[in-house]
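Undergrad: Once you've had a glance at the structure underneath, I'll fire off some questions.
2 protein chains.
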Amino acid sequence: MHISLTTEEEAYFASFLQYKNIRRKQFLFQEGDVNKFQAFVIEGCLRSYSIDRSGFEHVLQFAPPGWWIGDMQSIITQQPGTLYIDAIDDTAIILLFKSDLEKIYTAVPKFERFFRILAENALATYQHRLIGNLSLSAKERYENFCRLYPSLIQCLPQKQIAAYIGVTPEFLSKMLNQGTAKK
Amino acid sequence: MHISLTTEEEAYFASFLQYKNIRRKQFLFQEGDVNKFQAFVIEGCLRSYSIDRSGFEHVLQFAPPGWWIGDMQSIITQQPGTLYIDAIDDTAIILLFKSDLEKIYTAVPKFERFFRILAENALATYQHRLIGNLSLSAKERYENFCRLYPSLIQCLPQKQIAAYIGVTPEFLSKMLNQGTAKK
DNA sequence: AAAAGCCATTAACCTGGATTAAGTTTTTGG
DNA sequence: CCAAAAACTTAATCCAGGTTAATGGCTTTT
């Protein structure tokens, strides 16, 4: 994806990767920690979210297989983060530490390109979601969600979807059950 | 900022920059165009926004001096964009074309780093704003806005601020005038 | 200097979604 | 396999913020 590597470059990169398993409901990262790595999901699913002062969760991102996740603000500044990241299912991930990534950038500048492209794509995705949150109704945001994460609709508790699109679980339930004509 | 350059590198980079002036209310970019450049603001102020199907504007970004602006989605994919970009005041900008930027990346890989860091910072900013839109009241979003763009509060019409924080101009006006004790 | 817009304000009324508080079903961990 | 915890549903009530519309002050255009 995005760049092509020699076998040595691949091996060099792979030498920094750390494999890890996380059990359902366990935390990878909590508010107040300094986030020192990005995580790449191989199997299962992670989520990042914040908890507001009333105790409600707001989901920033789900990470099914193939997605990267981390508390970007904290990774960049190396200050304590504001997000939580935990596992929705038992999950297998690869960790890539910021300190290693900096070595990699120096040794193989091609990786700057790879992560630049990654960041630019993510940026465009968040801009699109923000516009959606400013201009669309709850139902339309739900439909967008279904388009973005088709694999997750079946396996995700409704309240997680509610926390992503920005409504209460009660409202989402009402919304889904009144489009349905009932005998 | 972010990287250090030799004088040759600086000159090489500068050779691609195109200076341009835009008059207040004129468009730099419109929905349906393919965005072929990023713009860097030297003086004045630009804004990017979308128009929803009811005709309401939603501001994605303001760009006072020192900020970059563009329709990221369109720049990446080179497909027609969904945003509008216009000038709030008479504005001086520098254009950097995507096609030139690709040459620059190849010639001086350091620039990959520069724009990676730029994209990562922007990404963290949008994540933060999204969390705010999910968890904060209109008044708190207004206060955040004042913190983010202190230089703009005075010179920006209220309806633009409303379109950024996600409320109607009528509601913003009500909100601002009822905290104030009158006589 | 009249006309035409644009912007801010105010006020009465409306509504999408929140809150609260049950009750029911499903999941899960032991 | 069972008890407890999560997750989902329903319904009544409430409210932040939207809608509509009228008014008056600026600014721009002619």
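So the sequences go chain by chain: A and B. Quick note on numbering: our numbering labels position 145 of the first sequence as 145, and the sequence is numbered without any gaps. Here our numbering = 1-based position in the second sequence + 1000. Backbone N, C-alpha and C define an ideal beta-carbon position, used for all residues, glycine too.
When the Cα atoms are used, what is the spatial distance from B/Asp1090 to A/Ile69?
TA: The alpha-carbon atoms of B/Asp1090 and A/Ile69 are separated by roughly 40 Å.
Undergrad: Report yes or no: do three or more beta-carbon pairs, one from the region 1074-1083 of chain B and one from the region 1007-1026 of chain B, lie closer than 8 Å?
TA: The region 1074-1083 of chain B is not in contact with the region 1007-1026 of chain B.
Undergrad: In chain order, what residues of the same chain lie with their CB nearer than 8 Å to the CB of A/Arg113, ignoring the 5 residues before and after it?
TA: His2 and Ile3, listed in sequence order.
Undergrad: If you draw a straight line from the alpha carbon of A/Asp33 to that of A/Ala39, how long is it in whole angstroms?
TA: Between A/Asp33 and A/Ala39, the C-alpha separation is close to 15 Å.
Undergrad: Which first and last residues belong to the alpha helix (DSSP H) in which B/Glu1009 is found?
TA: Thr1007 to Ala1014 is the span of the alpha helix (DSSP H), which, as asked, contains B/Glu1009.
Undergrad: Here's a check: name, in chain order, each residue in its chain whose Cβ is nearer than 7 Å to the Cβ of A/Ala163, leaving out the five neighbours to either side.
TA: Contacts found: Tyr49, Glu57, His58 and Val59.
Undergrad: Does A/His58 have its Cβ less than 8 Å from a Cβ in chain B?
TA: For A/His58, the answer is yes, since a Cβ of chain B falls inside 8 Å of its Cβ.
Undergrad: Could you check whether the region 1136-1144 of chain B touches the region 1155-1173 of chain B, counting it as contact only if at least three pairs of C-beta atoms, one from each stretch, sit closer than 8 Å?
TA: The answer is yes - the region 1155-1173 of chain B touches the region 1136-1144 of chain B, with three or more Cβ pairs under 8 Å.
Undergrad: Is the Cβ-Cβ distance between B/Phe1111 and B/Ile1117 less than 8 Å?
TA: No, they are not a contact pair.
Undergrad: If we cut at 8 Å on Cβ distances, does A/Asn121 have a partner in chain B?
TA: So yes, A/Asn121 belongs to the interface.
Undergrad: My understanding is that B/Lys1025 touches B/Asp1071, with C-beta atoms under 8 Å, so please give their C-beta distance in whole angstroms.
TA: No, B/Lys1025 and B/Asp1071 are not in contact; Cβ-Cβ is about 19 Å, not under 8 Å.
Undergrad: Determine, using beta carbons only, whether A/Tyr149 comes closer than 8 Å to chain B.
TA: No - not a single Cβ of chain B is within 8 Å of the one on A/Tyr149.
Undergrad: Taking the beta strand (DSSP E) that A/Lys20 belongs to, which residues open and close that run?
TA: Note, A/Lys20: beta strand (DSSP E), Gln18 to Ile22.
Undergrad: Using CA atoms only, rank isn't needed, just tell me which of B/Glu1102, B/Leu1148, B/Lys1098 and B/Thr1106 is closest to B/Ala1122.
TA: Checking every option, the nearest Cα to that of B/Ala1122 belongs to B/Leu1148.
Undergrad: My guess is that B/Asn1021 and B/Ala1092 are in contact by the Cβ rule of under 8 Å, so how many angstroms apart are they, rounded?
TA: With a Cβ gap of about 5 Å, B/Asn1021 and B/Ala1092 count as contacting.
Undergrad: Could you check which residue in A/Leu96, A/Glu102, A/Trp67 and A/Ser135 has the C-alpha nearest to that of A/Ile42?
TA: Selected option, being the one with the closest Cα: A/Trp67.
Undergrad: Compare the C-beta of A/Ala39 with all C-beta atoms of chain B and state if any pair is closer than 8 Å.
TA: So, not an interface residue.
Undergrad: Hey, could you find the ends of the beta strand (DSSP E) A/Arg47 is sitting in?
TA: Leu46 to Ile51 is the span of the beta strand (DSSP E), which, as asked, contains A/Arg47.
Undergrad: Along the chain, where does the alpha helix (DSSP H) that runs through A/Gln127 open and close?
TA: Start and end: Lys110 to Ser135.
Undergrad: Hey, out of A/Gln154, A/Ala119, A/Thr106 and A/Pro64, whose CA is closest to A/Phe13's CA?
TA: Closest option to A/Phe13, Cα to Cα, is A/Thr106.
Undergrad: With distances taken from CA atoms, which of A/Gln154, A/Asn177, A/Gln160 and A/Gln30 is nearest A/Pro80?
TA: The shortest C-alpha separation from A/Pro80 is found at A/Gln30.
Undergrad: Take A/Ile51 as the anchor and find which of A/Leu83, A/Ser137 and A/Gly166 has the nearest alpha-carbon.
TA: Of A/Leu83, A/Ser137 and A/Gly166, the residue nearest in Cα terms is A/Leu83.
Undergrad: Would you decide whether B/Phe1027 is buried or exposed? Buried here means 16 or more other CB atoms lie within 10 Å of its CB.
TA: When all chains shown are included, B/Phe1027 counts as exposed.
Undergrad: So with Cβ pairs under 8 Å, would you call B/Pro1109 a contact of chain A?
TA: Interface residue, yes.
Undergrad: By the criterion of Cβ-Cβ separation under 9 Å, what are the contact partners of B/Asp1052 in chain A?
TA: Chain A residues near B/Asp1052: Ile131, Leu134, Ser135 and Leu136.
Undergrad: Since A/Leu152 and A/Pro64 should fall inside the 8 Å C-beta cutoff, what is the C-beta to C-beta distance between them, to a whole number of angstroms?
TA: The Cβ separation is near 6 Å, so the contact holds.
Undergrad: Using the beta-carbon of each residue, which ones in chain B are nearer than 7 Å to A/Ala124?
TA: Near A/Ala124 (Cβ distances below 7 Å), the residues of chain B are Met1072, Gln1073 and Ile1076.
Undergrad: In whole angstroms, what separates the C-alpha of A/Ser161 from that of A/Leu96?
TA: One detail in the question is off: residue 161 of chain A reads as Ile in this sequence, not Ser. Approximately 28 Å, taken between the alpha carbons.
Undergrad: Quick check on the DSSP output: the beta strand (DSSP E) that includes B/Thr1091 runs from which residue to which?
TA: From DSSP, the beta strand (DSSP E) with B/Thr1091 extends over Thr1091 to Phe1097.
Undergrad: Based on Cα-Cα distance, which residue from A/Gln158, A/Ile165, A/Pro157 and A/Ser99 lies nearest to A/Ile131?
TA: Ranking the options by Cα distance to A/Ile131, first place goes to A/Ile165.
Undergrad: Does A/Arg24 have its Cβ less than 8 Å from a Cβ in chain B?
TA: Chain B, which has no Cβ nearer than 8 Å to the Cβ of A/Arg24, makes this no.
Undergrad: Between the C-alpha atoms of A/Leu17 and A/Ile94, what's the straight-line distance to the nearest angstrom?
TA: Approximately 6 Å between the Cα atoms of the pair.
Undergrad: Which residues in the same chain have their Cβ closer than 8 Å to the Cβ of B/Asp1100, if we skip the five residues on either side of it in sequence?
TA: Once the five neighbours on either side are set aside, the close Cβ partners of B/Asp1100 are Phe1016.
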